Amino acid sequence: MSHDHDPVPLSASSGGPLKGRVRVPGDKSISHRAMIFGLLAIGETKVTGLLEGEDVMRTAAAARALGAIVHHDGPGSWRVQGVGVGGLHEPAGVLDFGNAGTGSRLMMGVCGSHPITTTFDGDASLRKRPMRRILDPLEQMGTVVVSQQEGGRVPLTLRGPKEAIPITYRPPVASAQIKSAVLLAALAAPGETTVIEAEATRDHTEKMLAHFGAEISVTPEGAHGRRIVLKGQPELRAAPIVVPADPSSAAFPLVAGLIVPGSDILIESVMTNPLRSGLLTTLREMGADITIEREANEGGETVADLRVRASSLKGVTVPPERAPAMIDEYPVLAVAAAFASGTTRMCGLQELRVKESDRLAAVEAGLKAAGVRCAIEGDDLIVEGSGGGPVRGGGPIATHLDHRIAMSFLVMGLATQQPVQVDDGEMITTSFPSFVPLMNQLGGRIG
Numbered sequence: 001m002s003h004d005h006d007p008v009p010l011s012a013s014s015g016g017p018l019k020g021r022v023r024v025p026g027d028k029s030i031s032h033r034a035m036i037f038g039l040l041a042i043g044e045t046k047v048t049g050l051l052e053g054e055d056v057m058r059t060a061a062a063a064r065a066l067g068a069i070v071h072h073d074g075p076g077s078w079r080v081q082g083v084g085v086g087g088l089h090e091p092a093g094v095l096d097f098g099n100a101g102t103g104s105r106l107m108m109g110v111c112g113s114h115p116i117t118t119t120f121d122g123d124a125s126l127r128k129r130p131m132r133r134i135l136d137p138l139e140q141m142g143t144v145v146v147s148q149q150e151g152g153r154v155p156l157t158l159r160g161p162k163e164a165i166p167i168t169y170r171p172p173v174a175s176a177q178i179k180s181a182v183l184l185a186a187l188a189a190p191g192e193t194t195v196i197e198a199e200a201t202r203d204h205t206e207k208m209l210a211h212f213g214a215e216i217s218v219t220p221e222g223a224h225g226r227r228i229v230l231k232g233q234p235e236l237r238a239a240p241i242v243v244p245a246d247p248s249s250a251a252f253p254l255v256a257g258l259i260v261p262g263s264d265i266l267i268e269s270v271m272t273n274p275l276r277s278g279l280l281t282t283l284r285e286m287g288a289d290i291t292i293e294r295e296a297n298e299g300g301e302t303v304a305d306l307r308v309r310a311s312s313l314k315g316v317t318v319p320p321e322r323a324p325a326m327i328d329e330y331p332v333l334a335v336a337a338a339f340a341s342g343t344t345r346m347c348g349l350q351e352l353r354v355k356e357s358d359r360l361a362a363v364e365a366g367l368k369a370a371g372v373r374c375a376i377e378g379d380d381l382i383v384e385g386s387g388g389g390p391v392r393g394g395g396p397i398a399t400h401l402d403h404r405i406a407m408s409f410l411v412m413g414l415a416t417q418q419p420v421q422v423d424d425g426e427m428i429t430t431s432f433p434s435f436v437p438l439m440n441q442l443g444g445r446i447g
């Protein structure tokens, strides 16, 4: 199950300014959770705006394998008939999550607390990603890890207990995936399960638990943390979900609009959840011309239209406590930093080492291949900006099967002296299938 494919190189070159109005696909984090909560609810959950990238489709397939009836009614429109907490079917085969780290880790929480045996696997990239951080709390809740690869990696098999054990858990790192896996497992446990975060992470799981009728409380804990208490064994009720546009996907046209001279674009209905807005905060500190044209509420999340104009950026220091609010956006922030005046230091990026690739090393190597001076010091990435002048470009850039590395360096190529080529763009479909046509619609030159 290697999911190997022939590489599809892509290149991007500079042209005229980017102009126009676009909407990026639905948020990946919420799309995964929509399928999972549809499975765990009683009744039919209607979802609109779902991201139909490969990662989310793997989660949809897993929901089907666990007993849900999943209907596709048209672009972004889905219905999920759930089985309820405690009602999961034992899957007939392996749950193959491809490249989906979020889907696999959250579904381990779901399956690990039910009395079924489940085997998880994925592609070559997913097989390198650490799962022990998910397995540790699940074992405390009664899950048996029947088999695993070295370091708790997939393929691995879980056997759930007859009744899960409620726990109090402090995640060792700031990770919404760890927190969410524990909370999803806690649905099948009697009594109260508590998760205590030292640094608050994206709160989509908590919001969706409340949306589906769970009894959950969230209170501040320390300077930056949160205490989340969930009462187990609820009957979740089907509820409609509107998936807002993904801020992590919006980051690519956003940065492109800032670094391509003369650009002026509008990105519609982007989720502006404060726990996902670290990139916006940072770019504004760098001098980015980003304005909010309209604010609204979609499915319990705040959204806004973002107007972006080409800007003269300056280097800044990004504090480590901001990392949970922008963990997926550091590669494209590094691209913006390459075009800034002065030095940008991004602090506390240890979590980038365990994403789809070692993103910290991949970003450093890509920047150097494009002629940008940069360095890694401990867990910090330091980028020397071009002083507002053009970056050389070039390549090829090694993407390491990582969609965000590929898209970040293609964005860079829209403003460099020489075209930028990435070695493979095939995996972009996992999160942003329309990336190339959308960027070209704005006036980009990617192909």
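The numbering of the sequence shown is full-length UniProt numbering, which starts it at 1 and goes up by one.
We treat Cβ as the ideally placed atom computed from N, Cα and C, and that holds for glycine.
From a predicted model like this one, the values you see are computed outputs, not experimental measurements.
Pairwise C-alpha distance: residue j and residue i
i, j, result
"residue 220", "residue 63", "33 Å"
"residue 285", "residue 84", "46 Å"
"residue 400", "residue 444", "24 Å"
"residue 198", "residue 378", "21 Å"
"residue 42", "residue 278", "36 Å"
"residue 417", "residue 426", "25 Å"
"residue 150", "residue 82", "34 Å"
"residue 95", "residue 121", "6 Å"
"residue 34", "residue 392", "42 Å"
"residue 128", "residue 103", "15 Å"
"residue 333", "residue 116", "42 Å"
"residue 15", "residue 248", "25 Å"
"residue 336", "residue 124", "30 Å"
"residue 183", "residue 234", "12 Å"
"residue 231", "residue 185", "11 Å"
"residue 192", "residue 70", "31 Å"
"residue 72", "residue 366", "39 Å"
"residue 350", "residue 382", "14 Å"
"residue 473", "residue 398", "Only positions 1 to 447 of the chain appear in this structure, which leaves residue 473 out of reach."
"residue 305", "residue 289", "14 Å"
"residue 37", "residue 419", "44 Å"
"residue 395", "residue 364", "13 Å"
Neighbourhood of residue i by C-beta distance below 6 Å, restricted to the same chain and skipping five residues each side
i, result
"residue 243", "26, 27, 30, 31, 49, 50"
"residue 307", "266, 291, 293"
"residue 194", "168, 229"
"residue 148", "156"
"residue 107", "62"
"residue 259", "339, 415"
Neighbourhood of residue i by C-beta, 7 Å cutoff - its chain only, sequence neighbours within 5 removed
i, result
"residue 446", "10, 12, 410, 436, 439, 440"
"residue 300", "207, 211"
Residues near residue i by beta carbon distance below 8 Å, same chain, minus five either side
i, result
"residue 275", "200, 201, 202, 203, 324, 325"
"residue 237", "41, 42, 43, 212, 213"
"residue 20", "265, 266, 441, 442, 443"
"residue 2", "A caution first: residue 2 carries a pLDDT of 37, below 50, which makes its placement in the model unreliable, though a value can still be read off. Result list for residue 2: 123, 124, in chain order."
"residue 303", "244, 245, 269, 270, 271, 272, 295, 296, 297"
"residue 109", "134, 138, 180, 181, 182, 183, 184, 185"
Residue i vs residue j beta-carbon contact at 9 Å
i, j, result
"residue 428", "residue 412", "no"
"residue 373", "residue 330", "no"
"residue 402", "residue 362", "yes"
"residue 176", "residue 205", "yes"
"residue 245", "residue 270", "yes"
"residue 226", "residue 178", "no"
"residue 114", "residue 160", "yes"
"residue 45", "residue 239", "yes"
"residue 434", "residue 47", "no"
"residue 152", "residue 171", "no"
"residue 66", "residue 119", "no"
"residue 384", "residue 99", "no"
Which parts of the segment 77-132 are runs of the beta strand (DSSP E), unbroken and 3 residues or longer, counting only runs that do not cross its ends? 77-81, 117-121
Taking one C-beta from the segment 311-330 and one from the segment 339-352 each time, how about it: are there three or more such pairs within less than 8 Å? yes
For the segment 319-372, list the beta strand (DSSP E) runs that are entirely contained and at least 3 residues long, ordered along the chain. Contiguous beta strand (DSSP E) elements confined to the segment 319-372 occur at 343-346, taking only those with 3 or more residues.
As an exercise, report each continuous alpha helix (DSSP H) stretch of at least 4 residues that is fully enclosed by the segment 21-80, in chain order. 28-40, 54-65
Within the segment 171-210, ranges of the beta strand (DSSP E) (whole runs, at least 3 residues): 192-197
Which full runs of the alpha helix (DSSP H) of 4+ residues lie inside the segment 263-312, going along the chain? 278-285
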